[in-house]
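Chains as they are written, first to last, in the working numbering: chain A, 301 to 664; chain B, 301 to 664; chain C, 39 to 440; chain D, 39 to 440.
Following: one structure in structure tokens, then a few remarks.
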Amino acid sequence: MNFDLSETQKLFHSTVERFTRDVDVAAREKIRSTEHAYDTNRWSELAELGLLAIVANEDQGGLGGSLIDMSTIAEGLGSNNALDPWLENGALPIRLLSKANKTDILDSLIDGTKIAALAFAEPNSRYNLFPNEMLATAGHGAETVVLNGEKRFVMGGALADYLLVTASDNGVFGIYCIPSDSQGLETHRYQLSDGSLATVVSLNQTEVPASSKLAITFEQFKEVVAETCVLCSAEMLGLSQLLLNDTVSYVKEREQFGVSIGSFQSIQHGLVDCFSELEQMRSMLYRTLLLEKDTTADWSANVLGAKSFIADGANFIARNAVQYHGAMGITDEVTIGHAMKRILILSRMFGDAQDNLNNYLEVA
Amino acid sequence: MNFDLSETQKLFHSTVERFTRDVDVAAREKIRSTEHAYDTNRWSELAELGLLAIVANEDQGGLGGSLIDMSTIAEGLGSNNALDPWLENGALPIRLLSKANKTDILDSLIDGTKIAALAFAEPNSRYNLFPNEMLATAGHGAETVVLNGEKRFVMGGALADYLLVTASDNGVFGIYCIPSDSQGLETHRYQLSDGSLATVVSLNQTEVPASSKLAITFEQFKEVVAETCVLCSAEMLGLSQLLLNDTVSYVKEREQFGVSIGSFQSIQHGLVDCFSELEQMRSMLYRTLLLEKDTTADWSANVLGAKSFIADGANFIARNAVQYHGAMGITDEVTIGHAMKRILILSRMFGDAQDNLNNYLEVA
Amino acid sequence: MDMNYSEADLAFREEVRSFLKDKLTDRLKTGVERTPGVFVEPDIGLEWHQILHEQGWISHRWPVEFGGKGWTPMQTYILEKEFAIANAPRPAPISLGLIGPVLCRYGTPEQQAKFLPRIRSGEDFWAQGYSEPSSGSDLASLSMSAELIDGKYILNGSKIWTTHAQHANWIFCLVRTQVSEKKQAGITFLLVPMDQAGIEVTPIVSMSGDHEVNQVFFDNAQTRLENRVGEEGQGWEIAKFLLQNERGGSCFAPRMLVSIDSLEKAANNIANSDGSTMNNDGDFKRRLAKLKLRALALEFTELRIQADIANGRPAGPITSLTKLVYSNLSQDVQTLRNELYGYDGLQLPYDRPLYADDAPQAVGGAAAQVSLASFLNGRASTIYGGSNEVQKNIIAKRILGL
Amino acid sequence: MDMNYSEADLAFREEVRSFLKDKLTDRLKTGVERTPGVFVEPDIGLEWHQILHEQGWISHRWPVEFGGKGWTPMQTYILEKEFAIANAPRPAPISLGLIGPVLCRYGTPEQQAKFLPRIRSGEDFWAQGYSEPSSGSDLASLSMSAELIDGKYILNGSKIWTTHAQHANWIFCLVRTQVSEKKQAGITFLLVPMDQAGIEVTPIVSMSGDHEVNQVFFDNAQTRLENRVGEEGQGWEIAKFLLQNERGGSCFAPRMLVSIDSLEKAANNIANSDGSTMNNDGDFKRRLAKLKLRALALEFTELRIQADIANGRPAGPITSLTKLVYSNLSQDVQTLRNELYGYDGLQLPYDRPLYADDAPQAVGGAAAQVSLASFLNGRASTIYGGSNEVQKNIIAKRILGL
């Protein structure tokens, strides 16, 4: 029984730490105000550090990292409130293409020259993962497929060279990997709470090669989603640790009525509640990482239960961190709000705490 | 707009106050250890004070009190943690018989010479009010009815001269007012959390006159239940006020670390949360008392919503009162625990907070 | 105990309703609905201000001799409730709710004659200057100085969290005119014109992207002696009056109830994961019902306070309770609303105003678009006007006697 | 990071399981299930104690030289978990968990030789004497006095909340041997025989009807000098060691998880108001699932602490966290359980034990019958062994540095 990080994991953690620590709130604002709300040089650097390669299998040119390895990276990104979309535009699409063994495109994602985004959310399906509104039908030739429909909440959509679009072909699930400049494809960009640019994607008679359909089943897709949910949990844990650390420091420094506000018992006890949540979240993450995959469905349900628990804790900590920062906590000038806003996205990605809990009920 | 009590209501309040204030924990224990866990001389006194007559209409020999009048009494009983079963063996059965205009028996209940108890709860129906297991069938003569089935949670069953038994006659609702020594009637006594004695009542081929069926519909029964829920709410409000008062006094007196524990901010803020709940509960009760009865069903649903809200608040206050009393709060020697135990009954009578909330959803 | 509307009350309610039907334009309502901030933008707020001024209702809560209406608490509550139901803009509270009542109570006849009509007409727009960077909950520790030289006060220091200072032409300031043992002493209340070289306004953007508050720097700024309210050293007394006024006689519940109802309606049209709609989701319905019960209770708490005031019993520290209950409740409503919108609730445009023609297109409707920004701004409600912690200290001490 | 069982661990688990299969009788299990108190009655507890003693496991956590087993933290956890799953009685914690370890650490060889074997055999049954009526959380303010006269300490004062003192033949007491400036100084740790004229035990009945605790009065009671543990004035150090031991290396989660699973099973057979059963009630299921997630997290928090200990990193104040998390969680589980039983959950018999032949007949089953008494006794879990408030103070100071 051992919960310590391995030497490799410590190395990844310190790599992430070095990569992210210098992006303060001002630097963040600057990057977010650029055209794509992101500096792609950072993406290249991230690739060079091996943080993308770790996601893919070794026989695919990756480093074949474990979920624990990836979780270490996600937690590290969280604990510095990194603005890099490693989770949604790195780990998630690479994991999907790796599972489908789509090596031609995978190479360009691993080396960071291309970026992909997953288009899964539909206007009238809330958190249901199965595509109902994006429809795939036979194209003019036997070798093409035509896509029609709308996707929302395409995270990093403004950055993406490729879109991985989930669609239904007469009720059969498919993911289509298509260039983001495909004909008939229209996008509307909008800002998410972490300052990144998502898109609404409309496909109107978009004809793509049949080979763009990935070799992946709905069950496999859900497994990758569950793995991503573990990474969401890890990043939320990192963010929560950051929020607690910053808040404990703040209440020690901030003076009111001639004493530090950290000397008030109500604030002390409130922060102990946060600490208690944090440690329970950490335990839940560890449990999830060490969970045996008896059946994929049971494992996924357990993962979603864990994410539900961690999401509730992270939001609890974030709201208290804002409260104890007082008016400063409401401004865009301190890290607190940015961390809270990222938690909102992570806690709702692939279902909010309530929805994830409903999934967990199947195995609870 | 005026939320003050009328002079009559103030009079009732002070009558209740005088009647109940001398029953301290020791006196309570003594009464509870008697055969029926109650001193029926108190019941006679209660009748003499008019606290039973107020429930019935004037043309039935009652005083025709309003729901506000009765609520004043219930709150007063709560605020002294009275052990008198006025609510469940006074107001509730008298209200039912009054609605059914069953004057022959009503007289003896109003003057306190007889006591009645409602047998409504069934083993496999949880909080459903409609009787499914107690069945009424035709008797030997045209003028008799035979009852078969089991009831539980007959509050004050050990005291009762009459039982008001809800039953189904081929799906038609009925309440049968039968003597508690009817043939074929067996009881098992058990102690409830407030120290009173409830019974399990089994009826085995119990033949009663057809005239024992009250002239009351299921809708009218539910209306009386809703009125009783208002009284439960009022008594819980009184109990909560008592709990808060006692706890505020206690933390002022109790010294630890050389200061009164009431000087600790965490306890102060916890008690403010209790105070906040209490005032919101009071407002909710007043709202309910002043609510127009557009339709009986809507009114009932609103009443149950209010009870749900007040029950949650009362349990919250009770648990904090115990906590802030420390180990003393766990003993049977202080009022705190007795008040908490009565709240448990009231908050669950005719449905717990969750069940009542589900009823409220119909009009929320 | 009764809560019956009198004939006069019912007639008054009709009057308010018909006024709103006539005067509250779609433009104004849209302005309110699509504003995620705590306060409406001046273009919406001032237009409505003018309409209320023409109607003679703008300063209805002031003493009658200064333009108040002398309505009963019940009438005031009826007006607020009808305005809430209609989703009318709230006129700038700093001018009408803070400095107006202060001048009615503490101003000289000259100050009253000069300023009060200009507040009513909307000609003057006021900012508040009490908090400073190092004095938040501990207001009395403020350090901005004012020195009286040749009939003018010279001001140095800064004020923070000043709402809409970028739009204001006057600011009232609590300043230190004397350094004394007891920090509450030596505080003075000054009225300061904004249009002068010694004043600089720096925006503070909130995490919602809204620019509602500012830091205001005073570098040898000036104001005339005649702009002092009360005596030197009387500032703390005036500040307490002002802050109680900020909390007193609240009417939070009606807007809360309207907001909860709108949430219920919205749920009818939002898909659930199982293909049904959210108004069929048992958990959502129970959460909503619990919020509604809290709001209904709050309404009666507010009515009880109004009834007490009407019966000559001043509200006192119980107003800390309505602030506390309201601010927690409003955050919970905003949370549920934002969660209702699912992925669409994660959009957070920084452009303002969102009702402008060139504003970003909403994803999933206008209500979804403002939802997150409203939620984020709403986190301030447990902080401003005395944080939850401060309100609890007040109640513990002044009501529970701890 | 790994949590794999070694071959040895798996073999050990088998050994524990087969031991339980052989030795844990239905009578013992029923005794546990039908006991609403925090501790089992001695007739059940001592029977199990004997069985464990024969197996050589009774004092498995003690140092090896005094009868401990020297198991790894993982093995200890395996044993506790299997015992929890099997619903085995918990041996008296005062004897084995408190005074035993104190004597191993601070006792003289003579004391160790005399008392430790009698604890292991069950011959001695100990009560704890630390709290006094006016010293609860503030233990150091204790005032019971002991004066050394002619080789004997003469004791005067009283101790309260002494668990099962009515069954004990020995009590350990923190007493004041000197009145000094610093109240922690002058406290001494004495072992006192109960069977003497100067000691009177008065029962304290809890609101559940259980008689688990007592007040013990000392009126010139005596104990020999040789029954002093450590030096005069060393009592506070020993008390701190003892209280940390009370909280350290906890294994709360397994019993919690078993309890939650039993709740889930019970729900299968309890009718809902709509004619369905409670295991189909969405709200119940979500509440239960949330409790289960909290318990699963707690299990890993406890395993993390065990792993730290195994890696030579002492647990320290983090044990305050498991106490805090556990006590809140256990109350919430008891609340849900009691609510599950509906009206049947309101019965509260005062007769004990409930597994006796002449005990009152249960309404709705044995589990329903104990449910409310368990809930009421469980309210103590956030109070004893350092209240929630005290645990939070400890964490704030020692972990967060506030």
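Using N, Cα and C, we set each Cβ at its ideal position, and we do this for glycine too.
At what residues does the alpha helix (DSSP H) containing Trp343 (chain A) begin and finish?
-> DSSP places Trp343 (chain A) in the uninterrupted alpha helix (DSSP H) bounded by 340-348.
If I'm right that Leu48 (chain D) touches Ala124 (chain D) with Cβ under 8 Å, what's the distance once you round it to whole angstroms?
-> With 8 Å as the limit, Leu48 (chain D) and Ala124 (chain D) do not qualify as a contact, their Cβ atoms being about 17 Å apart.
Ala382 (chain A) and Ala416 (chain A) look like a contact to me (Cβ under 8 Å); what is the Cβ gap, rounded to whole Å?
-> That pair is no contact at about 19 Å.
Considering only the beta carbon of each residue, do Val243 (chain C) and Asp324 (chain A) sit closer than 8 Å?
-> If you check the CB distance, Val243 (chain C) and Asp324 (chain A) do not come in under 8 Å.
Quick one, are the C-beta atoms of Gly271 (chain C) and Gln344 (chain C) less than 8 Å apart?
-> no
In chain order, what residues of the same chain have a beta carbon less than 8 Å from the beta carbon of Ala449 (chain D), not counting five sequence neighbours either side?
-> This structure cannot speak to residue 449 (chain D), because chain D is shown only from 39 to 440.
Compare the C-beta of Glu375 (chain B) against all C-beta atoms of chain C and say whether one is closer than 8 Å.
-> no
Identify whether Phe153 (chain D) lies in helix, strand or coil by the three-state DSSP scheme.
-> helix
Short check: CB of Leu66 (chain C) to CB of Glu85 (chain C), under 8 Å?
-> yes
Cβ pair Leu396 (chain A), Ile478 (chain A) closer than 8 Å | At the C-beta level, Leu396 (chain A) and Ile478 (chain A) stay beyond 8 Å of one another.
What residues are listed by DSSP as bridge partners for Arg587 (chain B)?
-> DSSP lists no partner for Arg587 (chain B).
Exposed or buried, which one is Val508 (chain A) when buried takes at least 16 other CB atoms within 10 Å?
-> Within a 10 Å sphere around the beta-carbon of Val508 (chain A) sit 16 or more other beta-carbons, which makes this residue buried.
Counted within 10 angstroms of its Cβ, other Cβ atoms place Gln113 (chain C) as buried (16 or more) or exposed = buried
How should Arg285 (chain D) be labelled, buried or exposed, when 16 other C-beta atoms within 10 angstroms of its C-beta is the threshold for buried?
-> Any reading at Arg285 (chain D) is ruled out, since the residue's pLDDT is 46, under 50, leaving its predicted position unreliable.
Per DSSP, the bridge partner or partners of Tyr447 (chain C) = Nothing in the structure corresponds to residue 447 (chain C), since chain C is present only between 39 and 440.
Return the residue from the list C:Phe338, C:Glu219, C:Arg324 that minimises the CA-CA distance to Leu591 (chain B).
-> Nearest option by C-alpha distance: C:Phe338.
Shortest alpha-carbon distance to Trp164 (chain C) belongs to which of C:Cys142, C:Ser179, C:Ala203?
-> C:Ala203
Span of the alpha helix (DSSP H), counted from its first residue to its last, around Trp164 (chain D) | Where Trp164 (chain D) is concerned, there is no enclosing alpha helix (DSSP H), although the beta strand (DSSP E) it sits in stretches over 164-167.
Own chain partners of Phe303 (chain A) with C-beta closer than 8 Å, once the 5 adjacent residues on each side are dropped = Closer than 8 Å at the Cβ level, and outside the excluded window around Phe303 (chain A), lie Tyr586.
Exposure label - Asn470 (chain A); buried when at least 16 CB within 10 Å = exposed
Tell me whether the beta-carbon of Arg452 (chain A) lies closer than 8 Å to the beta-carbon of Val500 (chain A).
-> yes
Taking the runs of the alpha helix (DSSP H) that are 4 residues or longer, which of them lie wholly in the stretch 374-444 of chain B?
-> 392-399, 403-410
Looking at the C-beta of Arg285 (chain C), does it have a partner C-beta in chain B at a distance below 8 Å?
-> Its pLDDT being 46, under 50, Arg285 (chain C) is placed unreliably by the model, and nothing is read from it.
Along chain B, which residues have their Cβ under 8 Å away from the Cβ of Ile242 (chain D)?
-> Within 8 Å Cβ-Cβ: Thr631, Glu633.
Secondary structure at Lys40 (chain D), three-state DSSP: helix, strand or coil?
-> In the sequence as displayed, the identity of residue 40 (chain D) is Asp instead of Lys. Annotated three-state conformation of Asp40 (chain D) is strand, per DSSP.
Report the partner residues of Leu485 (chain B) according to the DSSP bridge assignment.
-> B:Leu503
At which residues does the alpha helix (DSSP H) containing Ser175 (chain D) begin and terminate?
-> No alpha helix (DSSP H) holds Ser175 (chain D); DSSP gives it neither H nor E.
Is DSSP giving Leu463 (chain A) helix, strand or coil here?
-> Annotated three-state conformation of Leu463 (chain A) is strand, per DSSP.
Looking at the unbroken beta strand (DSSP E) that takes in Phe557 (chain B), where does it start and where does it end?
-> No beta strand (DSSP E) contains Phe557 (chain B), which DSSP labels as neither H nor E.
Given a limit of 9 Å on CB to CB distance, which residues of the stretch 544-563 of chain B reach chain D?
-> Arg554, Glu555, Gln556, Phe557, Gly558, Ile561
Could you spell out where the alpha helix (DSSP H) holding Val622 (chain A) opens and where it closes?
-> 596-624
Looking only at its own chain, which residues have a Cβ that is under 8 Å from the Cβ of Ala406 (chain C), when we skip the five neighbours before and after it?
-> Tyr379, Asp382, Gly383, Gln385, Ala400
Taking Ile433 (chain D) as the query, report the chain A residues whose CB atoms sit under 8 Å from its CB, ordered along the chain.
-> Val572, Phe575, Ser576, listed in chain order.
Is there a Cβ from chain D that is less than 8 Å from the Cβ of Gly637 (chain B)?
-> yes
Nearest to Glu527 (chain A) by CA position, among A:Ala601, A:Leu503, A:Ile645, is which residue?
-> A:Ala601
Between the stretch 294-308 of chain D and the stretch 573-588 of chain A, do three or more beta carbon pairs fall short of 8 Å?
-> no
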